[in-house]
Amino acid sequence: MPQTTIGKSLLLEGELKGKDGLIIAGKIKGSVEVSGALSVEKEAVVKADIKASNVKISGEVKGDISSTGNVHYMENCSVTGNTTTSRILIEDGATIKGSVHINI
Amino acid sequence: MSDPISNIEGDIRVNGTLSCDGDLIIDGQLEGELSVKGNLTITEIGNVGANTEASYLSVAGKLKGEISAEKGVLIKSTASVLGPIDTSEIIIEDGADYSGAINMNVELPKNL
Amino acid sequence: MSKKVQENITTFHKDISFNGKVVGDEKIIIAGHIEGSLKTSQDLTIEKSGTVKADIISSNLILNGTLVGNVNSKGVVTITKSGRMVGDIKSKNIIINAGAQYKGTILTKANSKLNSPQKRSANKNSRLKTKR
Chain A
69 MPQTTIGKSL LLEGELKGKD GLIIAGKIKG SVEVSGALSV EKEAVVKADI KASNVKISGE
129 VKGDISSTGN VHYMENCSVT GNTTTSRILI EDGATIKGSV HINI
Chain B
551 MSDPISNIEG DIRVNGTLSC DGDLIIDGQL EGELSVKGNL TITEIGNVGA NTEASYLSVA
611 GKLKGEISAE KGVLIKSTAS VLGPIDTSEI IIEDGADYSG AINMNVELPK NL
Chain C
-19 MSKKVQENIT TFHKDISFNG KVVGDEKIII AGHIEGSLKT SQDLTIEKSG TVKADIISSN
41 LILNGTLVGN VNSKGVVTIT KSGRMVGDIK SKNIIINAGA QYKGTILTKA NSKLNSPQKR
101 SANKNSRLKT KR
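Residue numbers (my numbering), protein chains in the order written: chain A, 69 to 172; chain B, 551 to 662; chain C, -19 to 112.
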């Protein structure tokens, strides 16, 4: 089975956690904690604190992001919240409202 | 000698319990109470309105009543069954009609 | 590595668990653990490794895993060989395969074939015979 994919039409309200990676194209309200990589797709709206290894954000996130890997803010993404990670990459057009802590 | 097989054709109305030590095949209509020690088969043209007890039950016709079958139940695609079923295993084929409560042992994992 | 999102299917991998409410308009496949409630206008499949404790509203439902909860299906509910369920089912039709385990009340729309047997006294043409 491919990794967990929350499709475009889905709305989740609650706690999502696990050992695998995750692709979010729908809406999540609550909390997200995975040990794998997380991708927030363009149409996605995530109102939750996020914990993951690598994080790629193309959509909207309202919550704090805690990454054990790197965080990639894609073009036109919107992040409201604080990020803690060891490496970031910010594309042109990304919007970040909050602080970014890069730990070495 | 193997157990005799009994066969009901036509219409039978039983006041009291019809009991059978061996297997029973019902091709006709029966109303009353049924107790079969062996296998009970209700054929496609069978029509039974009875509380029914059997070792194994196979229904291809109509059955209405409280059902108890220790070894298992097979509800075939042409069947129409109404009533609670107490059993250890059940097969309901595609196209079968069933409504009622099924009581069977279900093994659940620890996380449920 | 970027992956093309399959827009019409949501999948929950076996190492993922979700606790809460799920509402959607697409096919859902569950191989992990879900607790709460599940509602979709499309089909829902619980894989063999899936464990679900939730009431479900869906179109067709296929249960290969374990479900504790009530099902309200617009279509057909199929419990396969590895399926285990405790809960009530309301659906158009239900299929239970050999090996499945089910406990609960089933209500299907189609129970119209059943007529009460006609009350008639036994007549000469009735036969109750024993074959040896």
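Even glycine gets a Cβ: it sits at the ideal position worked out from N, Cα and C.
Proximity to residue i [Cα-Cα], best of the options
| i | options | result |
| --- | --- | --- |
| Lys87/A | Ser77/A, Glu101/A, Gly75/A and Ile96/A | Glu101/A |
| Ser29/C | Lys83/C, Ser21/C, Asn44/C and Val48/C | Asn44/C |
| Gly117/C | Thr25/C, Ser(-3)/C, Lys61/C and Ser17/C | Residue coverage of chain C in this structure runs from -19 to 112, which leaves residue 117/C outside it and unanswerable. |
| Gly49/C | Asp(-5)/C, Leu18/C and Asn(-12)/C | Leu18/C |
| Thr88/C | Ala80/C, Asn77/C, Asp68/C and Ala78/C | Asp68/C |
| Thr85/C | Val656/B, Ala651/B and Asn655/B | Ala651/B |
| Lys7/C | Phe(-2)/C, Val57/C, Thr20/C and Thr60/C | Thr20/C |
| Ile91/A | Lys97/A, Pro70/A and Ser99/A | Pro70/A |
| Ser126/A | Ile96/A, Ser135/A, Ser154/A and Thr163/A | Thr163/A |
| Asn565/B | Ala600/B, Ile555/B and Glu559/B | Ala600/B |
| Asn171/A | Thr153/A, Leu157/A, Gly161/A and Lys165/A | Thr153/A |
| Ala120/A | Val113/A, Leu106/A, Glu128/A and Val129/A | Leu106/A |
| Val609/B | Val586/B, Thr567/B, Glu594/B and Ile558/B | Glu594/B |
| Ala646/B | Val631/B, Asp571/B, Arg563/B and Leu658/B | Val631/B |
| Arg155/A | Lys165/A, His169/A, Thr148/A and Glu143/A | His169/A |
C-beta atoms of residue i and residue j nearer than 9 Å
| i | j | result |
| --- | --- | --- |
| His140/A | Glu159/A | yes |
| Gly131/A | Lys115/A | yes |
| Ile74/C | Ile642/B | yes |
| Leu584/B | Gly596/B | no |
| Ile635/B | Asn653/B | yes |
| Thr637/B | Lys614/B | no |
| Ser71/C | Leu47/C | no |
| Ile118/A | Ser103/A | no |
| Thr31/C | Leu607/B | no |
| Gly63/C | Asn52/C | no |
| Phe(-2)/C | Ile9/C | no |
| Val129/A | Ser146/A | yes |
| Ile(-11)/C | Gly94/A | no |
Residue span of the beta strand (DSSP E) that contains residue i, given as start and end
| i | result |
| --- | --- |
| Val102/A | Lys95 to Val102 |
| His169/A | Val168 to Ile170 |
| Leu78/A | Premise fails: Leu78/A is in no beta strand (DSSP E) and is neither H nor E. |
| Ile595/B | Unbroken run through Ile595/B: none, as it is neither H nor E. |
| Asn557/B | Ile555 to Glu559 |
| Gly0/C | Ile(-4) to Gly4 |
| Asp35/C | Thr31 to Ser38 |
| Gln81/C | Gln81 to Thr88 |
Is it true that the segment 1 to 14 of chain C meets the segment 74 to 90 of chain A, where meeting means three or more beta-carbon pairs spaced less than 8 Å apart?
yes
The segment 569 to 576 of chain B contacting the segment 584 to 598 of chain B, beta-carbon criterion three pairs below 8 Å:
yes
Is the segment 30 to 49 of chain C in contact with the segment 617 to 627 of chain B, if contact means three or more CB pairs nearer than 8 Å?
The segment 30 to 49 of chain C vs the segment 617 to 627 of chain B: no contact.
Curious, which full-length beta strand (DSSP E) runs of at least 3 residues does the segment 117 to 163 of chain A contain?
List check, beta strand (DSSP E) in window: 123 to 125, 128 to 130, 133 to 135, 138 to 141, 146 to 148, 151 to 153 and 155 to 158.
Note down, one range per segment and in chain order, each beta strand (DSSP E) of at least 3 residues found wholly within the segment 579 to 641 of chain B.
579 to 586, 589 to 592, 597 to 609, 612 to 614, 617 to 625, 630 to 632 and 635 to 637
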